[in-house]
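Beneath this line is the structure, given in C-alpha cells, with notes to follow.
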Amino acid sequence: MRKLLDAMVLDKRGKEIFDDWANPRAMDIACNIISAQMANMVTALSTAPSVSKLTPEFLRSWSLDRTVAQPADLIAPDVVRLLFAAVNADKSLAKNKKKKNDTALYSIIGQLTSRRSQQSLDFAGPMTLFWWKNGCSRETIEVLQSLGLSKGFDSALTMVGSIADFCIQDARVAARNPAGFMLNWDNYNQSTSEFVEQRPGGPSKVQSGTYAIVYRLRNPNPTAMALSPLLTRAESAPDLDFKISLYKVDHITASNFSERVKISASANVFRNGCKFLSSRGVFGPDPASEFSNQMERMPSPIAPGH
C-alpha cells in the first residue's frame with residue numbers, strides 16, 4: 001500500500017487525485033493532533049490553582065521562555081510548527097537573521113491556552129498584573145481578557161490584594177528570624193489619575209506616603225550587629241579629615257590618572273574633530289571609528305579602589 005501511494009504521489013495526475021482525497025481527511029487528523037496538544041498545554045499552564053494563589057516567588061521566576069516556550073516545545077511541537085509557518089514568511093526566513101518572531105509565537109500559544117481554559121493562569125495571570133501596573137483601564141483589561149492576554153479586572157484586583165498578603169507574611173517571617181533582620185524606609189508617590197476618576201471631593205491626583213521594607217539577612221553574624229560597640233565607636237570616632245581620611249592617592253596612581261585624562265581628552269578631540277571634518281567631506285565616512293573602538297577597549301590604568 002505504501003509503495004502504491006508513493007507511486008501515485010510521484011505521478012502528476014495521481015498526485016492531484018491523491019491530494020483531493022487526502023486534504024479534508026488530513027485536516028481532520030491535524031485538528032485532532034492540535035486539540036490534544038493544546039489540552040496538554042492547558043495542564044502545563046495551570047500550576048497556579050487560582051488567582052489568589054499566585055505567589056511573589058512565582059512572579060519573580062516567571063518568564064515567557066520558561067513558562068510557555070519550554071513546555072510548548074516538549075508537549076505541543078506540532079502547534080509550534082504550525083504557528084511558526086503562520087508567522088514566518090519564507091522570504092524573511094531566508095534573509096532576516098537577526099529578528100525572530102519567537103515572542104509573538106509563544107505569546108499566541110499562551111493566549112490560546114488562556115482562552116481554552118479559564119483555569120490556565122500561568123500566562124494570563126502575570127500579564128494581568130503587567131497591564132494593571134501600567135495603568136490600563138478596566139475597559140482595556142476586559143478587552144485584553146477577551147483576547148486571552150489577561151484575566152478580568154476584578155481578578156486583577158484580587159491578585160494585587162493576595163500578593164500584598166503574601167508579602168506581609170514574608171515580612172512577618174523575616175521579622176521573627178532570631179538571627180535578626182534589616183528594616184528600611186522608603187517614600188512612595190502614586191498618581192491616581194490613571195486609576196481613579198478626577199472629580200470634586202475625590203482623592204488627590206498624587207498620593208504620597210512612607211512604607212517599611214523588611215529584608216532577610218544572609219549569613220548574619222549577631223556579633224557584628226551588636227549595637228553597644230557601634231554606639232561606643234560613634235561617640236569616640238574623630239571627625240574625617242580630607243587629606244588623611246579621603247585623599248589617599250600615591251604618586252603612581254596620580255600619574256596613571258593624569259595620563260588617562262590626557263588620553264581620554266585626546267580621544268574626544270580626535271573623534272569629534274574627525275566627525276566634523278567628515279561631515280564637511282574632508283575625510284572618509286568615519287576615520288575615527290576604529291581608533292574610538294580601540295580606546296573603549298583599553299583597560300583603565302587606575303588601580304581598583306582609587
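Residues 1 to 306 (UniProt numbering) make up the sequence shown, in order. No residue lacks a Cβ here, since even glycine has one placed at the ideal position from N, Cα and C.
Per-residue burial, residue i [other beta carbons within 10 Å of its own, 16 or more giving buried]
i, result
"residue 71", "buried"
"residue 145", "buried"
"residue 132", "buried"
"residue 274", "buried"
"residue 156", "buried"
"residue 303", "Here residue 303 scores only 47 on pLDDT, less than 50, and its place in the model should not be relied on; the value that follows carries that caveat. Exposed: under 16 other Cβ atoms inside 10 Å."
"residue 38", "buried"
"residue 51", "buried"
"residue 232", "exposed"
"residue 305", "Here the model assigns residue 305 a pLDDT of 45, short of 50, so the residue's position is not dependable and the matter cannot be decided."
"residue 141", "buried"
Short Cβ contact (8 angstroms threshold) for residue i with residue j
i, j, result
"residue 84", "residue 105", "yes"
"residue 54", "residue 127", "no"
"residue 103", "residue 74", "no"
"residue 214", "residue 179", "no"
"residue 217", "residue 181", "yes"
"residue 121", "residue 46", "yes"
"residue 115", "residue 152", "no"
"residue 150", "residue 124", "yes"
"residue 56", "residue 167", "yes"
"residue 42", "residue 117", "yes"
"residue 58", "residue 48", "yes"
Three-way DSSP call (helix, strand, coil) for residue i in this model
i, result
"residue 302", "Residue confidence for residue 302 is low, a pLDDT of 45 falling below 50, so the modelled location carries little weight; the figure read from the coordinates is stated next. Here residue 302 sits in coil by DSSP."
"residue 181", "strand"
"residue 118", "coil"
"residue 209", "strand"
"residue 241", "coil"
"residue 138", "helix"
"residue 216", "strand"
"residue 96", "coil"
"residue 11", "coil"
"residue 202", "coil"
"residue 165", "helix"
"residue 268", "helix"
"residue 186", "strand"
"residue 66", "helix"
"residue 48", "coil"
Nearest-angstrom beta carbon gap, residue j and residue i [assumed within contact, 8 angstroms]
i, j, result
"residue 78", "residue 34", "6 angstroms"
"residue 212", "residue 185", "6 angstroms"
"residue 188", "residue 208", "7 angstroms"
"residue 9", "residue 15", "5 angstroms"
"residue 87", "residue 96", "Contact doesn't hold; Cβ gap of about 12 angstroms is too wide."
Proximal residues to residue i (C-beta, below 7 angstroms), its chain only, five neighbours per side dropped
i, result
"residue 301", "The pLDDT assigned to residue 301 is 46, lower than 50, so where the model puts this residue is not dependable, and the model offers no usable value."
"residue 40", "75 and 76"
"residue 219", "none"
"residue 183", "212 and 214"
"residue 175", "181 and 214"
Proximity test, Cβ basis, 8 angstroms: residue i and chain D
i, result
"residue 180", "In summary, chain D is missing from the structure at hand, where a single protein chain is found."
Beta-carbon contacts of residue i that lie in its chain and below 8 angstroms, excluding the five residues immediately before and after
i, result
"residue 5", "18"
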